[in-house]
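Quick note: the sequence shown, position 70, residue 496 per this note's numbering, numbers continuous.
Don't be surprised by glycine CBs; every beta carbon is placed ideally from N, CA and C.
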Amino acid sequence: MRPQLVFLGAPGSGKGTQAGKLVSELNYSHVSTGDLLRAEIAKKSALGQRVSAIINEGKLVDDQTVLDLLKANCDVSSKQYIFDGFPRNDVQAQMLDEQILGKVQYKVFYFDIDLDLLANRLTNRRTCSSCGAIFNLLTKPVKKEGVCDICSSPLIQRKDDKPETVEQRLNVFRDTVGPLLDFYGSKGDLVKLDATQSFEEIYKNIVSNL
Ligand code: AP5
Ligand code: MG
427 MRPQLVFLGA PGSGKGTQAG KLVSELNYSH VSTGDLLRAE IAKKSALGQR
477 VSAIINEGKL VDDQTVLDLL KANCDVSSKQ YIFDGFPRND VQAQMLDEQI
527 LGKVQYKVFY FDIDLDLLAN RLTNRRTCSS CGAIFNLLTK PVKKEGVCDI
577 CSSPLIQRKD DKPETVEQRL NVFRDTVGPL LDFYGSKGDL VKLDATQSFE
627 EIYKNIVSNL
């Protein structure tokens, strides 16, 4: 059986893109805490209303709220997941280990890239409003402007991909990534990916490390 996967990396480093390919090609299940939180905002649930401003300002939602949401949306005893966007700090890493993964086998990938390259990627990202497919005006353009190549639904731009919010998200990442990498580095579980490579090369590197 393949291991559960944990994807770490800065905003825009390519976690969601690679997760999408692993879902379609290797039958992984993708659980992205950012997607779960955005779904709560779209539903206008009490949780969504509480976190909306925090996300749109590029700050982190509190650890317990995100952990509870994640727990309600995954079951590692029956599926192989890609955990995307959780953990974001060493406290969440400990929570994931103790309260979700337990003794199951997992592998951690770190999407390593110079943060200066990411603002451009993020402000040019477009996402399908229906199937969630991820595109980019510069590096992964769609065939017909504004329309998803896969399901023909309209594309949208994430609210937190505005330049000022992007800056804040990158700062939050800079401030939290050190202890997170130390946590997994000291366990000897960390695979570093060169996230400046092409979509295909990164995918090949992930698969060769499974
Ligand atoms: P979340 O949705 O997780 O956003 P993120 O971590 O900031 O990551 P992104 O989704 O922006 O980037 P990605 O790595 O998935 O890149 P992608 O593949 O799309 O979180 C959003 C917010 O929710 C947080 O800010 C926080 O408020 C809250 N939140 C979520 N989890 C939380 C938690 N655990 N605790 C607390 N708060 C939490 O690619 C980006 C673009 O680059 C695309 O356009 C893509 O086409 C392009 N691209 C990808 N790969 C390549 C490549 N190799 N070459 C060229 N272009 C590429
Ligand atoms: Mg993502």
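With a threshold of 7 Å, establish whether the CB of residue i neighbours any heavy atom of the ligand MG.
i: glycine 558; result: no
Identify whether residue i lies in helix, strand or coil by the three-state DSSP scheme.
i: tyrosine 629; result: helix
i: proline 437; result: coil
i: lysine 613; result: helix
i: valine 592; result: helix
i: isoleucine 582; result: strand
i: leucine 486; result: coil
i: threonine 553; result: strand
i: aspartate 620; result: strand
i: lysine 447; result: helix
i: lysine 566; result: strand
i: lysine 636; result: Note that residue 636 corresponds to leucine in the displayed sequence, not to lysine. Correct three-state label for leucine 636: coil.
i: arginine 428; result: coil
i: asparagine 453; result: coil
What residue range does the alpha helix (DSSP H) around residue i cover?
i: phenylalanine 537; result: Unbroken run through phenylalanine 537 is the beta strand (DSSP E), 532-538; no alpha helix (DSSP H).
i: arginine 547; result: 544-549
i: alanine 498; result: It is not in any alpha helix (DSSP H) - alanine 498 carries neither H nor E in the DSSP assignment.
i: aspartate 516; result: 516-521
Can we count residue i as close to the ligand AP5, meaning its CB is less than 7 Å from some heavy atom?
i: leucine 548; result: yes
i: lysine 600; result: First, the residue type needs correcting, since residue 600 is arginine and not lysine in the sequence shown. No, the beta carbon of arginine 600 sits no closer than 7 Å to any heavy atom of the ligand AP5.
i: valine 432; result: no
i: valine 617; result: no
i: glycine 484; result: yes
i: aspartate 562; result: It should be noted that the sequence gives asparagine, not aspartate, for residue 562. Yes - the ligand AP5 has a heavy atom lying nearer than 7 Å to the Cβ of asparagine 562.
i: isoleucine 480; result: yes
i: arginine 645; result: Given a span of 427 to 636 for the chain in the structure shown, any question on residue 645 remains unanswerable.
i: isoleucine 508; result: no
i: phenylalanine 535; result: no
i: glutamine 583; result: no
i: alanine 519; result: no
Report the partner residues of residue i according to the DSSP bridge assignment.
i: threonine 491; result: Looking at the DSSP assignment, threonine 491 forms no beta bridge with any residue, so it has no partner.
i: aspartate 510; result: Phe433 and Ser458
i: valine 573; result: Pro580
Could you give the residue range of the beta strand (DSSP E) that holds residue i?
i: asparagine 562; result: 560-562
When the cut-off is 8 Å and only beta carbons count, does residue i lie next to chain B?
i: leucine 544; result: The question asks about chain B, but that chain is absent: this structure has only one protein chain.
>> Considering only heavy atoms of the ligand MG and the C-beta of each residue, which residues fall inside 7 Å, strictly closer?
In response: Lys441, Gly442, Ser458, Gly460, Asp510 and Gly511
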